[in-house]
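Structure first, commentary second.
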Amino acid sequence: MNQPHVPAQPVFPITSFDAQRIEDAFALMGPKWTTWSVMTLAQEGRPLRIREIAAKLPSVSEQVLGLRLAAMHTGGLVTRTDTRHRAPYRLSSLGESLTPVHRTLADWSRIYLAPDVTAEAERVEDAVRRLRPRHSTALIRVLADGGPMRFGHIAEGIGRADAFTRQRLLRLQADGLVTRTGPQHGAPTC
Numbered sequence: 245m246n247q248p249h250v251p252a253q254p255v256f257p258i259t260s261f262d263a264q265r266i267e268d269a270f271a272l273m274g275p276k277w278t279t280w281s282v283m284t285l286a287q288e289g290r291p292l293r294i295r296e297i298a299a300k301l302p303s304v305s306e307q308v309l310g311l312r313l314a315a316m317h318t319g320g321l322v323t324r325t326d327t328r329h330r331a332p333y334r335l336s337s338l339g340e341s342l343t344p345v346h347r348t349l350a351d352w353s354r355i356y357l358a359p360d361v362t363a364e365a366e367r368v369e370d371a372v373r374r375l376r377p378r379h380s381t382a383l384i385r386v387l388a389d390g391g392p393m394r395f396g397h398i399a400e401g402i403g404r405a406d407a408f409t410r411q412r413l414l415r416l417q418a419d420g421l422v423t424r425t426g427p428q429h430g431a432p433t434c
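In the working numbering, each number is its position in the sequence shown, counted from 1, plus 244.
Below you can see the structure in the form of structure tokens.
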């Protein structure tokens with residue numbers, strides 16, 4: 245099993261990226277069975293029909309997988325060489341580009357979330373689930389840029405209402421992605 249690489253510091257700070265583009269990428273990767281389908285196609289390295297992919301993913305029905313692959317086709321993650329009903333799917337260049345992203349998310353999950361024995365695709369889906377909610381990346385970016393800050397400053401920094409920001413902070417805190425620096429309501433968050 246590959247050991248995760250733990251960089252001393254991030255290669256690129258989160259503040260150097262456009263939060264909206266990151267959220268758009270998570271929205272593309274996030275739907276259930278997308279990661280499993282992409283990883284299966286990448287592992288096989290050849291076009292596969294729905295039935296062949298479903299045989300490798302026994303927890304999902306062919307019908308659900310067919311709908312997921314159709315959406316992935318629309319999103320540009322997979323292509324088909326033919327328009328026939330049973331034409332095989334293959335990864336597009338966009339889909340192929342997810343391999344290092346999946347590896348990085350799986351390593352991050354292994355280091356920071358769950359060091360247990362879990363399938364890599366499951367780790368990736370769990371990491372994306374935690375990072376995917378709308379404006380989460382912007383919120384994390386505001387904290388990375390400004391350090392610990394009070395709730396009102398965070399809401400102002402992401403341009404969202406207090407109620408929305410509170411909900412998002414609670415979710416990120418429950419997922420272990422941000423922490424409160426003090427026990428009082430309004431204590432800075434980092």
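We put the CB at the ideal spot given by N, CA and C, even for glycine.
Check, Outcome
"Buried or exposed for THR409, please, with buried defined as at least 16 other CB atoms from any protein chain shown within 10 angstroms of its CB.", "buried"
"Among GLY403, LEU309, ALA365 and PRO377, whose alpha-carbon lies nearest the alpha-carbon of GLN287?", "ALA365"
"If distances are taken between C-alpha atoms only, which option among ILE294, ALA371, SER303 and GLY310 comes closest to ALA270?", "Residue 270 is actually Phe in this sequence, not Ala. Checked all of ILE294, ALA371, SER303 and GLY310; the closest Cα to PHE270 is ALA371."
"Compare the beta carbon distance of SER353 and ARG373 with 8 Å and say whether it is the shorter of the two.", "no"
"Among THR318, ARG295 and LYS300, which has the Cα closest to the Cα of GLN307?", "ARG295"
"Who pairs with VAL322 in a beta bridge, going by DSSP?", "LEU335"
"Spatial neighbours of GLY320 within its chain, please: CB distance less than 7 Å, with the 5 preceding and 5 following residues excluded, ordered by chain position.", "SER336 and LEU338"
"Tell me the start and end of each unbroken beta strand (DSSP E) in the stretch 251-306 that is at least 3 residues and wholly inside, in chain order.", "none"
"Here's the rule: buried if 16 or more other CB atoms are within 10 angstroms of the residue's CB, otherwise exposed. What is THR284?", "buried"
"Can you tell me where the alpha helix (DSSP H) with ALA418 in it begins and where it stops?", "406-418"
"Where ILE266 and LEU375 are concerned, what is the direct C-alpha to C-alpha distance, given to the nearest angstrom?", "10 Å"
"Hey, quick one: how far does the alpha helix (DSSP H) through HIS329 stretch, first residue to last?", "Per DSSP, HIS329 belongs to no alpha helix (DSSP H) and is neither H nor E."
"Consult DSSP for ARG394 and reduce its assignment to one of helix, strand or coil.", "coil"
"For ALA299, count the other beta carbons within 10 Å of its own beta carbon; 16 or more makes it buried, fewer makes it exposed. Which is it?", "exposed"
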